[in-house]
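Written below as structure tokens is the structure these notes are about.
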Amino acid sequence: MQQTETAQAYVKNIWDSVKTTLVGMKITWRYMLQKPITVQYPDERMPIPDRYRGIHYLEQEKCINCLACARACPIDCIEMEAVRHGKELEWISFTLDYQKCMFCELCVYPCPKDCIHMGTEYAFVTFDRSEFKHDLLSFKGMAREARIRMKEAEVAKAAKEAAKAAKAAAKGGAAAAEEDKDGE
Amino acid sequence: MTPALALVQAAAPVEVGSGSNAFLEGLVAALGAYLPMWALWMGAAVTGVAIVMGLISLIAMFSVWLERKVAGHIQCRYGPMYVGWHGWLQSIADGVKLLLKEDMIPRDADRMLFMLAPALVLAAIVAAMAAYPLAPGVFFADIDLGVFFVIAMSSMTTIGVVMAGWASNSKWTVFGAMREAAQVVAYEIPLGVALLVPVMVAGTLNLREASDLQSDWYGMGWFMFKNPFMLPAFVLYFIAALAETKRAPFDLPEAESELVAGFMTEYSGIRWSFFFMEEYAAMFLMSALAAVFFLGGFESPLTWAAGEFFGRELFVAGANGATELNLQAIPYHAVAGITLLLKTFAGIFLMMWLRWTLPRVRVDQVMTMGYKYLTPLALVCALGAALWEAGKQALLG
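Chains as they are written, first to last, in my numbering: chain A, 1 to 184; chain B, 185 to 581.
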């Protein structure tokens with residue numbers, strides 16, 4: 001009795017190992033033929049959601065130096081300095097310390113002029129800590145790069161959509177032509 | 185005489201009568217007046233080894249790239265993409281990097297053995313590679329004991345691996361070497377017995393002759409289809425070959441998660457890359473044996489058609505009795521060589537596919553599989569195939 005069971009287990013082991021291997025190979029084969037889900041990072045980037053909270057983006061010409069954002073900041077990482085000449089503002093600095101910032105977006109809501117926004121730039125590496133304290137003014141440093149990237153992304157998106165539309169139109173035209181032929 | 189022609193003549197098949205030493209004889213005749221005999225022989229030997237080494241490097245480079253691409257796509261990513269089209273030059277970049285790396289030898293290592301081990305491993309695989317036939321009429325060495333030679337030489341690499349593991353003077357490397365030795369001892373038996381099945385059907389150990397025997401049925405007379413025991417034998421051979429070449433799921437000698445890199449933990453730079461080249465060359469050879477003895481070798485309908493159309497003899501008797509190169513037969517030989525290469529790389533691809541599918545098995549599972557499953561099954565296959573062939577001969581005469 002014992003022996004027959006062992007023999008059965010032996011055959012079953014062989015059967016199971018062959019079968020499970022084939023099942024696994026089928027799965028990996030399917031994955032191999034599908035399109036990779038990764039992107040070639042520095043060249044391409046994954047689409048970023050609209051409400052993504054990245055490095056801030058300041059519309060300097062709208063800002064009135066009211067300090068509402070600095071007061072709202074729970075960790076006091078926003079500092080700004082400007083001199084008023086009548087109605088004109090002369091900006092000296094508007095710094096944000098990204099070593100402290102936790103990207104909570106609380107600085108955005110109280111702004112009376114709606115001039116500080118959370119941007120889409122997230123890649124942000126330096127060799128020196130002091131560089132994390134950076135100026136949002138006049139397209140300086142990272143802010144400038146972030147703005148350029150945003151513009152590029154917008155242009156690329158628009159171009160892509162235009163191409164898609166053109167293709168769809170061409171296709172639609174061709175289909176329409178086909179239909180016309182059929183009609184004739 | 186152009187070098188290519190000299191190479192072809194060097195590899196002239198035995199039946200032409202020139203033997204495999206035609207190149208050497210030609211060289212001796214041409215240069216004998218200027219150089220001493222030993223220099224000529226040394227030169228010829230170095231040339232031969234250089235050609236085989238070049239072939240091995242090319243195979244290893246292509247296989248590494250293929251492996252990385254296969255691994256990438258199975259894991260839904262791209263793999264190398266930047267160096268050349270889809271990263272096809274990646275291996276060259278890696279090779280340059282390896283050449284430039286510091287060559288380190290641990291202080292407490294056995295220096296001589298440590299330096300000798302990669303050389304021994306590579307030398308063994310170069311020797312084994314000499315038996316690979318490039319085309320029906322073009323090969324490095326036409327060995328009557330071909331299979332035996334290849335298996336013996338690829339087992340030699342184990343000695344190098346054990347040597348490397350011991351000489352490194354590290355726990356990880358010694359464990360890797362021990363596992364390698366145990367694994368190879370366990371899997372040599374099913375490997376040899378499973379290969380015995382097609383050898384029995386063919387009645388020859390010579391790779392080229394075995395391939396010729398499969399040219400019937402319009403190029404589809406593969407041994408695989410000629411005997412019902414051949415398919416299980418092929419599966420058994422392939423599993424044993426995986427273990428023999430230290431490939432996943434049997435990559436215990438270099439199990440990354442347990443032993444860092446197993447027996448090659450202490451190696452760096454070009455010495456390390458020798459082990460790497462050996463692994464890919466061994467994969468190539470094992471796949472080549474599978475292709476020749478199970479999957480029809482050079483033969484396919486296309487090869488058969490090319491043979492019928494262009495003629496098969498690469499060397500024919502000329503006007504005044506001298507052997508001449510038959511240029512018309514070159515397309516046939518090219519098609520045949522490419523067919524074998526494709527079949528071999530199909531085997532390599534299967535090995536890679538399995539590697540990225542199966543998890544690594546445990547040490548005791550490896551031993552159980554080798555001794556309790558593969559060996560008896562291989563013996564059953566060999567016995568069955570022998571009885572089948574005997575019965576066929578008794579019935580059909």
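Backbone N, C-alpha and C define an ideal beta-carbon position, used for all residues, glycine too.
Beta carbon of residue i nearer than 8 Å to that of residue j
i, j, result
"B:V383", "B:L391", "no"
"B:T357", "B:G349", "yes"
"B:P560", "B:F458", "no"
"A:E59", "A:C107", "no"
"B:A427", "B:E438", "no"
"B:F533", "B:A474", "no"
"B:F407", "B:F478", "yes"
"A:T28", "B:W537", "yes"
"B:Y557", "B:A370", "no"
"A:Q36", "B:H257", "The residue you asked about is not Gln; residue 36 of chain A is Pro in the sequence shown. Yes. Within cutoff."
"A:Q99", "A:F132", "yes"
"B:A312", "B:L525", "no"
"B:F413", "B:G575", "no"
"B:A513", "B:F493", "no"
"B:M467", "B:R431", "yes"
"A:K171", "A:K113", "no"
"B:G352", "B:T449", "Gly is not the amino acid found at residue 352 of chain B; the sequence shown has Ser there. The answer is yes: Cβ separation under 8 Å."
"B:R544", "B:P433", "yes"
"B:V452", "B:E286", "The sequence shown places Ser at residue 452 of chain B, rather than the Val named in the question. Result yes, Cβ atoms of B:S452 and B:E286 sit closer than 8 Å."
"B:I276", "B:M237", "no"
Inter-residue spacing [alpha-carbon to alpha-carbon] between residue i and residue j
i, j, result
"B:I343", "B:L486", "41 Å"
"B:N205", "B:A308", "Its pLDDT being 49, under 50, B:N205 is placed unreliably by the model, and the measurement read from it follows with that caveat. Spanning the two alpha carbons is a distance of roughly 22 Å."
"A:K157", "B:L304", "58 Å"
"A:Y31", "A:G24", "11 Å"
"A:R45", "A:V155", "14 Å"
"B:A378", "B:T541", "24 Å"
"A:Q34", "A:K26", "13 Å"
"B:A489", "B:V476", "19 Å"
"A:E184", "A:E161", "Legend: pLDDT at A:E184 = 45, less than 50; position of this residue unreliable, value from coordinates given subsequently. Distance between the alpha carbons of A:E184 and A:E161 is about 34 Å."
"B:G279", "B:V230", "22 Å"
"B:G387", "B:G481", "15 Å"
"A:I75", "A:I64", "22 Å"
"B:L239", "A:A165", "51 Å"
"B:V346", "B:I235", "28 Å"
"B:Q398", "B:D435", "34 Å"
"B:A255", "B:E440", "16 Å"
"B:Y402", "B:L563", "32 Å"
"A:P49", "A:T120", "8 Å"
"B:L380", "B:A566", "7 Å"
"B:L242", "B:W249", "11 Å"
"A:W8", "B:L300", "Note on residue identity: the sequence assigns Gln, not Trp, to residue 8 of chain A. Distance between the alpha carbons of A:Q8 and B:L300: 49 Å."
"B:V233", "B:V310", "7 Å"
"B:G491", "B:N510", "13 Å"
Three-way DSSP call (helix, strand, coil) for residue i in this model
i, result
"B:A378", "helix"
"B:T388", "coil"
"B:A319", "strand"
"B:R431", "coil"
"A:N82", "A small correction: the amino acid at residue 82 of chain A is Ala; Asn does not occupy that position in the sequence shown. Strand at A:A82."
"B:W222", "helix"
"B:E440", "helix"
"A:Y57", "strand"
"B:L283", "helix"
"B:I243", "helix"
"B:E450", "coil"
"B:I343", "helix"
"A:M118", "strand"
"B:E251", "helix"
"A:E88", "strand"
"A:T38", "coil"
"A:K12", "helix"
Checklist line | Inter-stretch contact (C-beta, 8 Å, three-pair minimum) for the stretch 408-424 of chain B and the stretch 249-266 of chain B | finding: In short, these stretches do not touch, since the Cβ pair count stays below three.
Item checked: contact_flag[the stretch 288-298 of chain B, the stretch 458-469 of chain B] where n(CB pairs < 8 Å) is 3 or more -> no
Item checked: Near-chain A residues of the stretch 255-266 of chain B (beta-carbon distance less than 9 Å), N- to C-terminal order -> Those residues of the stretch 255-266 of chain B that come within reach of chain A (Cβ to Cβ, closer than 9 Å) are G256, H257, I258, Q259, C260, R261, Y262, G263, M265 and Y266.
Next item on the list: Could you say if the stretch 312-320 of chain B and the stretch 514-523 of chain B meet the contact criterion of at least three C-beta pairs nearer than 8 Å?
Entry: yes
Checklist line | Touching by the beta-carbon criterion (3+ pairs, under 8 Å), the stretch 89-107 of chain A and the stretch 44-56 of chain A | finding: Touching, yes.
Note to self: Is it the case that the stretch 122-140 of chain A contacts the stretch 82-89 of chain A, given that we only count it when at least three CB pairs across the two stretches are under 8 Å?
What the structure shows: no
Checklist line | Against chain A: residues of the stretch 508-539 of chain B by CB proximity under 8 Å | finding: W537 and L538
Check: Quick one, which residues of the stretch 357-386 of chain B are near chain A if we go by CB-CB under 8 Å, in chain order?
Finding: none
Next item on the list: Compile a chain-ordered list of the residues in the stretch 544-564 of chain B whose CB is closer than 7 Å to at least one CB of chain A.
Entry: Listed in sequence order: Y557.
Checklist line | Contacting positions in the stretch 19-31 of chain A - beta carbon closer than 8 Å to chain B | finding: For the stretch 19-31 of chain A, which is checked against every Cβ of chain B, the residues closer than 8 Å are T21, G24, M25, I27, T28, W29 and Y31.
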